[in-house]
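Numbered according to full-length UniProt numbering, the sequence shown spans residues 1 to 123. All residues carry an ideal CB built from backbone N, CA and C; glycine is no exception. Since we're looking at a predicted model, the values are computed, not measured. Below is one structure; the comments refer to it alone.
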Amino acid sequence: MNKFPEQLKKLRKETNTTQDELATKLFVTRQSISKWEAGDSTPDLATLIKLAAIFNVSLDALIFGTDQDSRIDSTEFVFNPKTNRYVRRFGKMNFWDFLAGYWWAVALLLFIIGFFSIFWAGR
Numbered sequence: 001m002n003k004f005p006e007q008l009k010k011l012r013k014e015t016n017t018t019q020d021e022l023a024t025k026l027f028v029t030r031q032s033i034s035k036w037e038a039g040d041s042t043p044d045l046a047t048l049i050k051l052a053a054i055f056n057v058s059l060d061a062l063i064f065g066t067d068q069d070s071r072i073d074s075t076e077f078v079f080n081p082k083t084n085r086y087v088r089r090f091g092k093m094n095f096w097d098f099l100a101g102y103w104w105a106v107a108l109l110l111f112i113i114g115f116f117s118i119f120w121a122g123r
């Protein structure tokens, strides 16, 4: 699921940057770059931010391989870190989800039904 190693290698090749050149820019060894591209280790957050700046990409594009042109509507989608994917904020709603979210409407409806049943029963 980790796309970082292949993304790093792809971005480095696209910019015609060698592992040595990238290592020099990041103040790390060439072996570190090689391990990152092989998936044997992962850089820390500060280095990831520097890599994103060097390649002029977002962290999402660098780590997850998301398309840079795609924009996520945050009102409809939320990022799930367990699956590394964006999921709908409000999934399909079933009856129990409706009751949990609109319990007050159900309580009001039951109150109105109860009130009118008492009113009509007294006639």
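- Using a Cβ-Cβ distance cut-off of 8 Å, the stretch 33-50 and the stretch 77-88 are not in contact, since fewer than three pairs of beta carbons, one from each stretch, lie closer than that value.
- For L99, same chain residues with a beta-carbon under 8 Å away, outside a window of 5 residues either side, are V106 in chain order.
- In this structure I113 is exposed. Its beta-carbon is surrounded by fewer than 16 other beta-carbon atoms within 10 angstroms.
- Of the candidates S34, L59, F55, L59 places its Cα closest to the Cα of L45.
- One alpha carbon belongs to W120, the other to F95, and they sit about 30 Å apart.
- Rounded to the nearest angstrom, the gap between the Cα atoms of K10 and T47 is 17 Å.
- Straight across, the Cα-Cα distance linking L26 with W104 is about 56 Å.
- Of all alpha-carbon atoms in T66, N84, F4, the one lying nearest the alpha-carbon of L51 is that of F4.
- The alpha carbon of N56 has as its nearest neighbour, out of I118, S117, T15, T42, the alpha carbon of T15.
- A direct Cα-Cα distance of roughly 42 Å separates N84 from L110.
- Contact annotation: A23 and T17 have beta-carbon atoms that are not nearer than 7 Å.
- Rounded to the nearest whole angstrom, the C-alpha separation of A61 and Q7 is 8 Å.
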